[in-house]
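In order, the protein sequence lines correspond to chains X and W. Going by numbering that gives the first Met the number 0, the residue at position 20 of the first sequence is 19; the numbering climbs one at a time, nothing skipped. Going by numbering that gives the first Met the number 0, the residue at position 165 of the second sequence is 164; the numbering climbs one at a time, nothing skipped. Here a beta-carbon is modelled for each residue, glycine too, at the ideal position from N, C-alpha and C. All values reported here derive from a predicted model rather than from experimental measurement.
Number of protein chains: 2
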Amino acid sequence: MSLVTDADKPTLYKRIRADIEKRILTGEWPPGHRIPFEHELVARYGCSRMTVNKALSELAQADLIERRRRAGSFVRRPQHQSAVLKIADIRAEITALGRAYGYELIGRKLRAATAADRDRLGVKKAGKVVAITCRHSADKVPFAVEDRLIDLSSVPDAATADFAREPPGSWLLHHVPWTEAEHTISAIVADDRTAEALDIAVGAPCLVIDRYTWRSARTITAVRLLYPGDSHRLVARFKGG
Amino acid sequence: MSLVTDADKPTLYKRIRADIEKRILTGEWPPGHRIPFEHELVARYGCSRMTVNKALSELAQADLIERRRRAGSFVRRPQHQSAVLKIADIRAEITALGRAYGYELIGRKLRAATAADRDRLGVKKAGKVVAITCRHSADKVPFAVEDRLIDLSSVPDAATADFAREPPGSWLLHHVPWTEAEHTISAIVADDRTAEALDIAVGAPCLVIDRYTWRSARTITAVRLLYPGDSHRLVARFKGG
DNA sequence: TTGACTTATATGTCTAGACATATAATCGTA
DNA sequence: TACGATTATATGTCTAGACATATAAGTCAA
Numbered sequence: 000m001s002l003v004t005d006a007d008k009p010t011l012y013k014r015i016r017a018d019i020e021k022r023i024l025t026g027e028w029p030p031g032h033r034i035p036f037e038h039e040l041v042a043r044y045g046c047s048r049m050t051v052n053k054a055l056s057e058l059a060q061a062d063l064i065e066r067r068r069r070a071g072s073f074v075r076r077p078q079h080q081s082a083v084l085k086i087a088d089i090r091a092e093i094t095a096l097g098r099a100y101g102y103e104l105i106g107r108k109l110r111a112a113t114a115a116d117r118d119r120l121g122v123k124k125a126g127k128v129v130a131i132t133c134r135h136s137a138d139k140v141p142f143a144v145e146d147r148l149i150d151l152s153s154v155p156d157a158a159t160a161d162f163a164r165e166p167p168g169s170w171l172l173h174h175v176p177w178t179e180a181e182h183t184i185s186a187i188v189a190d191d192r193t194a195e196a197l198d199i200a201v202g203a204p205c206l207v208i209d210r211y212t213w214r215s216a217r218t219i220t221a222v223r224l225l226y227p228g229d230s231h232r233l234v235a236r237f238k239g240g
Numbered sequence: 000m001s002l003v004t005d006a007d008k009p010t011l012y013k014r015i016r017a018d019i020e021k022r023i024l025t026g027e028w029p030p031g032h033r034i035p036f037e038h039e040l041v042a043r044y045g046c047s048r049m050t051v052n053k054a055l056s057e058l059a060q061a062d063l064i065e066r067r068r069r070a071g072s073f074v075r076r077p078q079h080q081s082a083v084l085k086i087a088d089i090r091a092e093i094t095a096l097g098r099a100y101g102y103e104l105i106g107r108k109l110r111a112a113t114a115a116d117r118d119r120l121g122v123k124k125a126g127k128v129v130a131i132t133c134r135h136s137a138d139k140v141p142f143a144v145e146d147r148l149i150d151l152s153s154v155p156d157a158a159t160a161d162f163a164r165e166p167p168g169s170w171l172l173h174h175v176p177w178t179e180a181e182h183t184i185s186a187i188v189a190d191d192r193t194a195e196a197l198d199i200a201v202g203a204p205c206l207v208i209d210r211y212t213w214r215s216a217r218t219i220t221a222v223r224l225l226y227p228g229d230s231h232r233l234v235a236r237f238k239g240g
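As structure tokens, this is what we get:
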């Protein structure tokens, strides 16, 4: 999701891609509309099929169009309805801001999964889990509190990992790299425990990110991150309609 | 950001792409690492350069690698530090949920830009602006309130648009299609006015999305969306490390 | 009408070349 | 040593073909 437009170098395939993109984004070609066949674009632009194919392939990769064999290429409905969110680990986020990262383990518990744990992890039966509570800070100021559950049947090494030294997010990132995730963003007001951990008032707003992570159908971890709502901000820039 | 892996059809370029992706995501090739030159991959896989070029181009488009002429291709640092967020317009979001969309204009004001307006729009001097307050509902239940400022020097048509009939987000989407945006997510507690508009208690948590939109350096609009924090949720799924 | 078979066709992938272009590295000079 | 010009090289784009493959559409029989 780059911010720069690459209209600076009007190579042919980029021009073709931009032309089509424009018609889609202006609504001239609405969702469902069949865009010209490759051979038609070849005729219109006087180039080889590989060139228009490259333009169309990129539009397909960007989810702007859908290509179907024998049928043609079609304008897709405007992206997934709600949101796409990516978050690197908090340490990286804080150090990237040029602030000093601090980490503190508040609690760690190894236990047989309770019904609530299983529900949270989205599994029917789980053996043991690790529950971790910790705090991240930037320049000594509380930045976020983390409340995490790791499924030990998926990540047995987590039972012996030293989460007092390394944040569980970083640890998992290095030990369980290829994952899929689902995010939910919401807002709550701070209860006693949260208020104390974040050093804010009870009843103050908090931004909540729940992340549920798995790898090829195996649940790995469920984490809830709480940020002070009036100070922390998730900022994103993107390009598109 | 599709959830499905396309490992089902191991065409050659996909295999090459997947091989490289795997090494990156397992950390075997860390950020900054130079991946093999095209001619080396050509030799290793015994294919033409166009085939490895396609694999590498897609990895570049996905921001996993960076390609530099004469220098080679390099593993990028894990994506932008914080967040990437895409949101279609609220009407589409609600109808996609299978719920009845409702819209209501609360207020509309055309005025010369105040200092606060200019600050919010990020412009030094602006002529006139339209300020709009409206409410979106799903199945007759308040879903979000919207507080928007449109820069009339960029979008003069907005002065005469009938925002009682069409939500400003949809209107803009159809009249000013190709835009860039910046999002900020935060949390607040509802004040009197917000509480009334969303039919929640004063002091209840609200999820806030501030979106600032421009097109080729021209400011278009600044909008603040307030969602009831305990009910509404932004959900996202993604694949990646 | 329905289902099974065939066919036509648009996309998917790939090749073996070509020339363009940005730039890292080298070389030469002040 | 520092700076400017030259060169080598990896990527960027493009061509004119080829065969593969999924599938919409048409055909035909039950």
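Report, in whole angstroms, the separation of the C-beta atoms of residue i and residue j, which I expect to be a contact under 8 Å.
i      : j      : result
L225/W : T183/W : About 13 Å separates the two Cβ atoms, so there is no contact after all.
H135/X : I187/X : Between I187/X and H135/X the Cβ distance is about 18 Å, and since that is not below 8 Å, they are no contact.
Y100/W : A54/W  : That pair is no contact at about 43 Å.
A59/X  : R66/X  : 5 Å
G126/X : S152/X : 5 Å
I199/W : F142/W : With a Cβ gap of about 12 Å, I199/W and F142/W do not count as contacting.
A137/X : L197/X : No, A137/X and L197/X are not in contact; Cβ-Cβ is about 12 Å, not under 8 Å.
A158/X : L109/X : 6 Å
V241/W : D156/W : This structure gives no information on residue 241/W, because the portion of chain W shown stretches from 0 to 240.
V175/W : I219/W : 6 Å
D190/X : V201/X : 7 Å
A160/W : W170/W : 5 Å
Residue i: buried (16+ other C-beta within 10 angstroms of its C-beta) or exposed?
i      : result
E20/W  : buried
T4/W   : In this prediction, T4/W scores a pLDDT of 45, lower than 50, which makes its location untrustworthy; no coordinate-derived value is stated.
H173/W : exposed
G45/X  : exposed
I15/X  : buried
A91/X  : buried
S56/X  : buried
F227/W : Looking at the sequence provided, one finds Pro at residue 227/W rather than Phe. By the neighbour-count rule (16 or more Cβ atoms within 10 Å), P227/W is buried.
R147/X : buried
E145/W : buried
P166/X : buried
V140/W : exposed
V222/W : buried
S47/W  : exposed
T10/W  : exposed
E39/W  : exposed
A203/W : buried
E179/W : buried
T212/X : buried
G168/X : buried
A82/X  : The predicted position of A82/X is uncertain, since its pLDDT is 47 and thus under 50; a value taken from the coordinates is nonetheless stated next. Looking at its Cβ environment, which holds 16 or more other Cβ atoms inside 10 Å, A82/X is buried.
P30/X  : exposed
R43/X  : exposed
R119/X : buried
Got a sec, what are the start and stop residues for the beta strand (DSSP E) residue i sits in?
i      : result
S243/W : The shown model of chain W, from 0 to 240, leaves out residue 243/W, and the question about it has no answer.
A42/W  : Segment 37-44 is the alpha helix (DSSP H) holding A42/W; no beta strand (DSSP E) there.
A130/X : 127-137
T220/X : 217-227
P166/X : That residue, P166/X, is in no beta strand (DSSP E); it is neither H nor E in DSSP.
R110/X : 100-111
D209/X : 204-214
R66/X  : 64-67
If I follow the unbroken alpha helix (DSSP H) through residue i, where does it start and stop?
i      : result
V154/W : It is not in any alpha helix (DSSP H) - V154/W carries neither H nor E in the DSSP assignment.
S47/W  : Element bounds for S47/W: n/a, residue is neither H nor E.
T10/X  : Careful: T10/X lies outside any alpha helix (DSSP H) and carries neither H nor E.
D190/X : Note, D190/X: premise wrong, no alpha helix (DSSP H); not H, not E.
A115/W : 114-120
Can you determine whether any heavy atom of the ligand SAM sits closer than 8 Å to the C-beta of residue i, and answer yes or no?
i      : result
R192/X : This structure does not include the ligand SAM; it has no bound ligands of any sort.
- Task: Could you run through the segment 43-77 of chain W and flag, in chain order, every residue whose CB is less than 9 Å away from some CB of chain X?
- Result: Along the segment 43-77 of chain W, the positions whose C-beta sits under 9 Å from a C-beta of chain X are M49, K53, S56, E57, Q60, A61, D62, R76, P77, read in chain order.
- Message: Using a Cβ distance threshold of 8 Å, determine whether the segment 70-77 of chain W contacts the segment 106-114 of chain W, with at least three qualifying pairs required.
- Response: As far as the Cβ criterion goes, the segment 70-77 of chain W does not touch the segment 106-114 of chain W, which means the pair count is below three.
- Determine which residues of the segment 120-136 of chain X have a Cβ less than 7 Å from any Cβ of chain W, and write them out in chain order. When C-beta distances to chain W are compared with 7 Å, every residue of the segment 120-136 of chain X stays at or above that value.
- Message: Taking beta-carbon pairs under 8 Å, can you tell me which members of the segment 185-200 of chain X lie near chain W?
- Response: Residues S185, A186, I187, V188.
- What residues in the segment 205-225 of chain X have a beta carbon less than 7 Å from any beta carbon of chain W? Result list: C205, L206.
- Short-range partners of chain X found in the segment 96-114 of chain W, where Cβ spacing is below 9 Å: Within the segment 96-114 of chain W, the residues whose Cβ lies closer than 9 Å to some Cβ of chain X are L96, listed in chain order.
- Just by C-beta distance, which residues in the segment 8-28 of chain W are closer than 7 Å to chain X? Going along the segment 8-28 of chain W in chain order, one finds L24, T25, G26 with a Cβ nearer than 7 Å to chain X.
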